[in-house]
């Protein structure tokens, strides 16, 4: 039962898609699926047609009903559904109560054609109506809080960069012989990409709330940005694990270029999975990446003699798992809740997990004692130190 629910979940999770539908009804008789939408207690269905047909009906079916009626006749389908809307007018707004459970429910919008006819173009809008003020919302109930989540994280990242941006810049600017600065640059760039993605998604959500379409181009752009963000994190962790950043010694992998090509390939595959909403494969890929990167870090721990360096790598393993397992954990965790909570929980838990991972990495990279030992600068003067208030000051021997 658990495995069945997990498979169903990962097949249904997707980024927000338009709930304003445009197209042409098929001329062939039968039951045809259009969209799946989570309605609250007050649902709204609005349509506009370029022609009418009394033999054409819109119906709303539960998942169980949709599964059972695929091979049923037109009359049998209309007899089963509780919401049958004949398309005998060019435009109509249909208000209904989608469920008797007094809780949100996913319904499948289908159209039933009883006999062959001519093509009819349509525009259909699926909406929820707020109980308090009567306003319409293009977001289904499972997506309704995603704009607020996105706005919260956008503001949080802006505040964080405003407070700590100058201090991070001072660390990076000092540079010196310490290659750890490269890791900080990659990590900071990755977080700036996340901030950019939050901003673009907020634009998409705002437009989506107006017309039910949003900006599909921006949506795909955000997925590409997310893919490049994970590329930076992956290459940063891999180079740290293979001492490509921590040291200028000969501890590089013998085949560093091949490793770089493999990382690029993994990034491309992951981005393709996100673009085409192949969530199951994306979950499997993230789990595998976590194990592979952890394997390299564990190898570094085994070969390392310094206690401080081993502690550094142990903490890097922790941060690595948090980063890559946030999405799989969120997907599995959400199963215990009702389906209409899944998208919100997955978006929130994944973002929180990845943000926590980034904060731990910042703390790890800027830690004064580890910064000294890992950089092999015990005989040199550190340019900066971190006090308890995270304020950066000059360090004197």
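Numbering (mature numbering (1 follows the signal peptide of the UniProt record, and there is no 0)), first residue to last: -18 to -1, 1 to 379.
All C-beta atoms in this analysis are idealised placements derived from N, C-alpha and C, irrespective of residue type, glycine included.
Being a predicted model, the structure only gives us computed values, none of them experimental.
The C-beta separation of residue 255 from residue 264 comes to about 4 Å, placing the pair in contact by the 8 Å criterion.
Under DSSP, the beta-bridge partners assigned to residue 30 are 73, 105. With contact defined as three or more Cβ pairs closer than 8 Å, the region 203 to 211 and the region 160 to 179 are in contact. Assignment of residue 66 by DSSP, reduced to helix, strand and coil, places it in the strand class. About 17 Å separates the beta carbon of residue 26 from that of residue 92, a gap too long to meet the 8 Å contact definition.
The beta-bridge partner set that DSSP reports for residue 39 consists of 68, 94. In the displayed model, residue 19 falls within a strand according to three-state DSSP. Within the same chain, Cβ atoms closer than 6 Å to the Cβ of residue 56 are found at 94, 96, the five residues on either side in sequence being excluded. The shortest C-alpha to C-alpha distance from residue 19 to any of 125, 63, 196 is the one to 125. In the DSSP assignment, residue 130 falls within the unbroken alpha helix (DSSP H) covering 128 to 156. Excluding its 5 nearest sequence neighbours in each direction, residue 169 has C-beta neighbours in its own chain below 6 Å: 343, listed in chain order. Secondary-structure assignment with DSSP links residue 87 through a beta bridge to 21. Secondary structure note for residue 293: its alpha helix (DSSP H) is the uninterrupted segment 289 to 315.
Taking a C-beta distance under 8 Å as the contact criterion, residue 245 and residue 269 do not qualify as a contact pair.
Counting the other CB atoms within 10 Å of its CB gives residue 199 a total below 16, which places it among the exposed residues. Residue 132 is a Cβ neighbour of residue 187, given a cutoff of 8 Å. Annotation for residue 7: no alpha helix (DSSP H) segment contains it, though the beta strand (DSSP E) segment containing it runs 2 to 7. Separation of residue 10 and residue 72 (C-alpha to C-alpha, rounded to the nearest whole angstrom) is 20 Å. Distances from the alpha-carbon of residue 38 to those of 44, 48, 60, 23 put 60 closest. Just measuring C-alpha positions, the residue of 85, 338, 63 sitting nearest residue 307 is 338.
Residue 1 sits close to residue 107, with the two beta carbons spaced by under 8 Å.
Per DSSP, the beta-bridge partners of residue 111 are 118.
DSSP places residue 271 within a helical segment (H, G or I) once states are collapsed to three.
Annotation for residue 329: the continuous alpha helix (DSSP H) segment containing it runs 324 to 348.
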